[in-house]
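Residue numbers (our numbering), protein chains in the order written: chain F, 1 to 150; chain X, 1001 to 1148.
Think of the CB as a built atom: it goes at the ideal place given N, C-alpha and C, for glycine as much as any other residue.
All figures in this text were calculated on a predicted structure; none of them were measured in a lab.
As structure tokens, the structure follows; a few thoughts come after it.
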């Protein structure tokens, strides 16, 4: 991380307000995976007319760009432990595979860190609480495992 | 109401918040998941608390409603698969998009993977549940209630 972090007690509530705004405006959960899903769905059916979920995802993209422009560059170089510990030739295939698990798993679970973790947990949905506990637990275990192995 | 602009605006706020909080960086995520740094948990907790309080107040005022979902097997199996990918790449779908937005080249194979994963899921659900995809009209808005 090259740039100073916004205080958590500002950044967190900001994210929470986004969840509230989506519920008020679209009567739905804020879920980033829904945006990917919408794009895949529409493109498959040869359409580029996207609903709000895709536009929210485009907004997230621009948010990253606005931040990088304001901060004078991206927030990091290389790719974390992967480019530090592994041969660079391996990193891209590993990232494609990880992305595949992220996309397939999030769709199966009906949400990712935002849909289940943030929006579902906020309304104490039992399904989202189970999903959130599972993916946090799994990701924590994987990080301890890779630290022990590499 | 045309939903594009408000959705885009909310997305921008979301993306800036994810970037500014360092969530775009895999080292920040890894540091949190190895319990070396408490920022992510405080950030995440305060986001959930804010959303929770706001939504409960709005529901009390009769402005919004929702139905909680019961736990099914897929919520756990899907999250196990998701958690492995998240744990290796130390990035989830929102931060993957902000990586792309920040111009981080390593985000491209990740993004490609996510799109392939979503595509694989959609294809597989169509094969196992052909009855649920009878017409293009339904497929176009194929968001099952409560799904991502």
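Look at the segment 100-138 of chain F and you find no whole run of alpha helix (DSSP H) that is 4 residues long or longer.
A straight line joining the alpha-carbon of residue 25/F with that of residue 46/F spans about 27 Å.
Taking C-beta separations shorter than 6 Å and ignoring five residues to either side along the sequence, the partners of residue 57/F in its chain run 35, following chain order. Separation of residue 1064/X and residue 55/F (C-alpha to C-alpha, rounded to the nearest whole angstrom) is 22 Å. The beta carbon of residue 1043/X lies closer than 7 Å to those of 1021 in the same chain, with the five residues before and after it left out.
Taking every protein chain shown into account, the CB of residue 9/F has fewer than 16 other CB atoms within 10 angstroms, so this residue is exposed. Listed in chain order, the positions of the segment 128-139 of chain F with a beta carbon within less than 9 Å of a beta carbon of chain X are 128, 129, 130, 131, 132, 133, 134, 135, 136, 137, 138 and 139. Counted as a single uninterrupted DSSP element, the alpha helix (DSSP H) harbouring residue 1097/X occupies residues 1093-1102. DSSP places residue 1003/X in the coil class of the three-state scheme, outside both helix and strand.
If you draw a straight line from the Cα of residue 1/F to the Cα of residue 1036/X, it is about 15 Å long.
With distances taken between CA atoms, residue 118/F lies nearest to 20/F out of 20/F, 4/F and 93/F. For residue 1119/X, the uninterrupted alpha helix (DSSP H) run begins and ends at 1107-1128, by DSSP. Just so you know, the alpha carbons of residue 1079/X and residue 120/F end up roughly 14 Å apart. Under the Cβ criterion of 8 Å, residue 1024/X is counted among the residues facing chain F. Counting other Cβ atoms within 10 Å of its Cβ, residue 93/F stays below 16 and is therefore classed as exposed.
Within its own chain, the residues whose Cβ lies closer than 6 Å to the Cβ of residue 31/F, once the five positions on either side in sequence are excluded, are 111, 114 and 115, listed in chain order. Around the beta carbon of residue 87/F, fewer than 16 other beta carbons lie within 10 angstroms, which makes this residue exposed. For residue 3/F, the number of other beta carbons within 10 angstroms of its own is at least 16, and it is reported as buried. Residues of chain X with a Cβ closer than 7 Å to the Cβ of residue 86/F do not exist, since the nearest Cβ in that chain sits about 11 Å away. With the rule of 3 Cβ pairs closer than 8 Å, the segment 130-139 of chain F does not count as touching the segment 1112-1119 of chain X.
Within the same chain, and ignoring the five residues on either side of residue 128/F in sequence, the residues whose Cβ sits closer than 6 Å to its Cβ are 116, 120 and 121. Judged by DSSP in its simplified three-state form, residue 33/F adopts helix.
Listed in chain order, the alpha helix (DSSP H) runs fully inside the segment 1007-1072 of chain X are 1026-1033 and 1039-1060, counting runs of at least 4 residues.
In terms of Cβ geometry, residue 13/F and residue 1052/X do not form a close pair [threshold 8 Å]. With respect to chain X, the C-beta atom of residue 46/F has no partner C-beta closer than 8 Å. Against chain X, the CB of residue 150/F has no partner CB under 8 Å away; the residue lies outside that interface.
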